[in-house]
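Before any comments, here is the structure.
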Amino acid sequence: MSDTWVFYTRSVGSAGTLGGSFTKEAALVRTDASLPGIPRIGTFRAPMEPGAWDALAAAVRSLGAARPSGEDPPGTSMISIGIMAKGRAEVVHSQPEGAETPAEEEVLSKAEALVEGTMKHPHQALEGGGEWESPSVPADDDVRVRVRIGNPGLVPVPFANPASAGSSSALSLVLFRVGPGGEAGESREIEFAPSDVAELEPDGKRRTGSPQDVVSLAPAKVLHFLARSRIRVPPASYRASMRISLSAPPGADEKSVSGAIVFDLPPLAVVRPKSQGGTR
């Protein structure tokens, strides 16, 4: 194993963390929160392209000595990049997100491109997806979302089943009302209790029997759910964001997969009861 590597860390979402480690031989990324457009969490590994590490390390070294960052309040979203050599930090640049210099932004963009490329190679990971059962729903009726949790990696991944009573995993949905100019307005969060979540067979039929407390999902396998809950929002068009919060089983080690997968759903039309096709 190389004794010199480039490291990259950043805050993701409200409480997530992504970390990347790059040597001349390989790239390793671990995240407990999905990135926009990449609804995956877990561990990802890929070989480094020839010359890619040298180019990245040279870019990091070109930043020179770290500049003072001051005192940042707890909860500040941070982003860091640097080089570790023989157990010591050779270069470290750490700043609140949004406070980077143009030079730092350029170097960070190179690291982010490597991160996104590495996340195409899942090792121990979970991914999420979903769609509305119907893109239009009457106000005060049930909203129904078909949710998928898949294993795109190379090893089985256990997690707490969000359909099991008392589960530490959960599904939730945020609706953003779309204003006259297309801007996102007020929001409403819908949290699905385990009793609101049903396991589905691949053909869409409800799975019979009590859900298992822990699911061990084999590589290339997908688990299907139907989440439903009564909504109480005014008739309008809504943007929607789905969140799958997954917990590792009790007693799992630190390498287990857990965290939040967030992805956008298509627009939802909430219509007046008994109306057809839109708002009035």
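Here the working numbering is used: the first residue of the sequence shown is -7, the next is one more, and so on.
Where a beta carbon is used, it is the ideal one built from N, C-alpha and C, also for glycine.
| Item | Value |
| --- | --- |
| Residue from 130, 218, 42 with nearest C-alpha to residue 197 | 218 |
| Spatial distance of residue 167 from residue 181 (CA atoms) | 6 Å |
| Member of 65, 246, 29 whose CA lies at the smallest distance from the CA of residue 120 | 29 |
| Limits of the unbroken beta strand (DSSP E) element including residue 274 | Because the chain is modelled from -7 through 272, residue 274 falls outside the range shown and cannot be assessed. |
| Buried or exposed (CB count within 10 angstroms, at least 16 for buried), residue 157 | exposed |
| Buried versus exposed, by CB contacts within 10 Å (16 or more), residue 246 | exposed |
| Meets three-Cβ-pair contact criterion under 8 Å: the region 241 to 258 and the region 100 to 113 | no |
| Three CB pairs or more closer than 8 Å across the region 82 to 100 and the region 62 to 71 | yes |
| Close-in-space but distant-in-sequence residues of the same chain around residue 132 (CB under 8 Å, 5 per side omitted) | 222, 223, 224, 265 |
| Member of 234, 212, 138 whose CA lies at the smallest distance from the CA of residue 195 | 138 |
| DSSP-derived helix/strand/coil call for residue 35 | strand |
| Limits of the alpha helix (DSSP H) - the one that residue 98 falls within | 94 to 110 |
| Closest Cα partner of residue 107 within the set 232, 216, 10 | 10 |
| Residue 188 classed as buried or exposed, judged by whether at least 16 other C-beta atoms fall within 10 angstroms | buried |
| Bridge partners - residue 124, DSSP secondary structure assignment | 137 |
| Helix, strand or coil at residue 130 according to DSSP, with G and I counted as helix | strand |
| Assigned exposure category for residue 87 - 16 Cβ within 10 Å defines buried | buried |
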